[in-house]
Amino acid sequence: GNSVTQMEGPVTLSEEAFLTINCTYTATGYPSLFWYVQYPGEGLQLLLKATKADDKGSNKGFEATYRKETTSFHLEKGSVQVSDSAVYFCALRSNTGKLIFGQGTTLQVKP
Amino acid sequence: GAGVSQSPSNKVTEKGKDVELRCDPISGHTALYWYRQSLGQGLEFLIYFQGNSAPDKSGLPSDRFSAERTGGSVSTLTIQRTQQEDSAVYLCASSFLSGGGRGDTQYFGPGTRLTVL
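One line per chain: the protein sequences are H and R, in this order. For the first sequence, this note's numbering assigns the number 115 to the last residue and increments by one with no breaks. For the second sequence, this note's numbering assigns the number 119 to the last residue and increments by one with no breaks.
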């Protein structure tokens, strides 16, 4: 069946550090892949997406590349800010349309 | 423009009572999804509507859970005889299309936090 695995958190970084949050998936075919973010006290927001292999999604300085050979969609940012502190969810869209989420990774950025 | 809205934002109920949660999707979005977010289980899919029909209700945890959608718009999730394990944040999302491609991005509402005492 379809599944998503994320690196466990929490991840604690200093401001301006490089961020990587690993995400791997198991799926039939090549599903669309997403990163959602949940800031403290707020709802889920789409951060970026990629719909086919080798696509790179990007937004707000975050990037993720759809790698079919490694079934991965790792999230990266070159220089994190305190305002990036949030919970990040990797997800894939199944054939029926539902999203299957990873367990979420909490990021805390310290000044 | 208006996003997905949900009501109530918080609901506290006693074990055994029935509750109704409401979702208003983004206007024009044909697909509507319900998920729940709980500490132990993360984000779980519950049910999906395309128009007024539900082609995938595989995530509903028991027959105490049901949902309907009317007029291709508003949806209601009903939980009968609530149990403490039903306590969670119930999220609604909508998308323009259910298939792949540019229209398949799901936009989430703020959620309803349900607490069963």
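Built from N, CA and C at the ideal position, the CB exists for glycine as well.
Element boundaries [beta strand (DSSP E), containing E46/R]: It spans 44 to 52 - the beta strand (DSSP E) in which E46/R sits, taken as one unbroken run.
So which of G47/H, G45/H, W39/H, A57/H has the shortest CA-CA distance to T24/H? Minimum Cα distance to T24/H is reached at W39/H.
Under 9 Å, Cβ to Cβ, is there at least one residue of chain R near L37/H? Taking a beta-carbon distance threshold of 9 Å, L37/H does not count as an interface residue toward chain R.
P27/R classed as buried or exposed, judged by whether at least 16 other C-beta atoms fall within 10 angstroms: So P27/R counts as buried.
Residue burial classification, F22/H (beta-carbon count within 10 angstroms, cutoff 16): With fewer than 16 other beta carbons inside 10 angstroms of its own, F22/H counts as exposed.
Of the listed residues Q82/R, N54/R, C94/R, nearest to R71/R (C-alpha basis): Nearest option by C-alpha distance: N54/R.
Applying a beta-carbon distance threshold of less than 8 Å, which residues of chain H neighbour A33/R? Within chain H, the residues near A33/R are G101.
Leaving aside the five residues before and after T15/R along the sequence, list all residues of the same chain whose C-beta is less than 8 Å from its C-beta, in chain order. Around T15/R: V21, T84, L116, T117, V118, L119.
Span of the beta strand (DSSP E) holding Q49/H? It spans 48 to 54 - the beta strand (DSSP E) in which Q49/H sits, taken as one unbroken run.
Chain R partners of K64/H, CB-CB under 9 Å? Chain-order list of chain R residues neighbouring K64/H: empty, with the shortest C-beta distance near 16 Å, by a criterion of under 9 Å.
9 Å Cβ cutoff, A95/R in contact with chain H: Look at A95/R: its C-beta is under 9 Å from a C-beta on chain H.
Less than 9 Å between CB atoms is the rule here; does C98/R satisfy it with respect to chain H? Note on identity: in this sequence residue 98/R is Phe, with Cys being the wrong assignment. Among the CB atoms of chain H, none fall inside 9 Å of the CB of F98/R.
T16/H classed as buried or exposed, judged by whether at least 16 other C-beta atoms fall within 10 angstroms: That one is exposed.
Helix, strand or coil at Q42/H according to DSSP, with G and I counted as helix: Looking at Q42/H - three-state DSSP - the assignment turns out to be strand.
Measure the Cβ-Cβ separation of L34/R and S96/R and say whether it is below 9 Å. It is a contact, given that the beta carbons lie within the stated cut-off.
On a CA-only basis, which of T75/H, K72/H, L50/H, E73/H is nearest F120/H? Give me that one, please. Absent from the structure is residue 120/H, since the part of chain H shown begins at 5 and ends at 115.
Who does R83/R pair with in a DSSP beta bridge? The partner list for R83/R (beta bridge, DSSP) is empty, contrary to what the question assumes.
Cβ of T117/R less than 9 Å from any chain H Cβ? Taking a beta-carbon distance threshold of 9 Å, T117/R does not count as an interface residue toward chain H.
Beta-carbon separation (whole angstroms), G111/R vs G108/H, contact threshold 8 Å: The C-beta separation of G111/R from G108/H comes to about 18 Å, leaving the pair out of contact by the 8 Å criterion.
Might you give, ordered along the chain, the residues of its own chain that have their beta carbon closer than 8 Å to the beta carbon of E12/H, omitting 5 neighbours on each side? Excluding sequence neighbours, E12/H sits near Q107, T109.
Close-in-space but distant-in-sequence residues of the same chain around Y43/H (CB under 7 Å, 5 per side omitted): Same-chain partners within the cutoff: A90.
Since F93/H meets chain R, which of its residues come closer than 9 Å, beta carbon to beta carbon? For F93/H, the chain R residues whose C-beta falls within less than 9 Å of its own C-beta are G44, L45, listed in chain order.
Which term fits A4/R, buried or exposed, when burial requires 16 or more other beta carbons within 10 angstroms of its beta carbon? In summary, A4/R is exposed, with fewer than 16 beta-carbon neighbours lying within 10 Å of its beta-carbon over all protein chains present.
Own chain residues within Cβ distance below 8 Å of K13/R, not counting five before or after: Hits under 8 Å: V21, L23, T114, R115, L116, T117.
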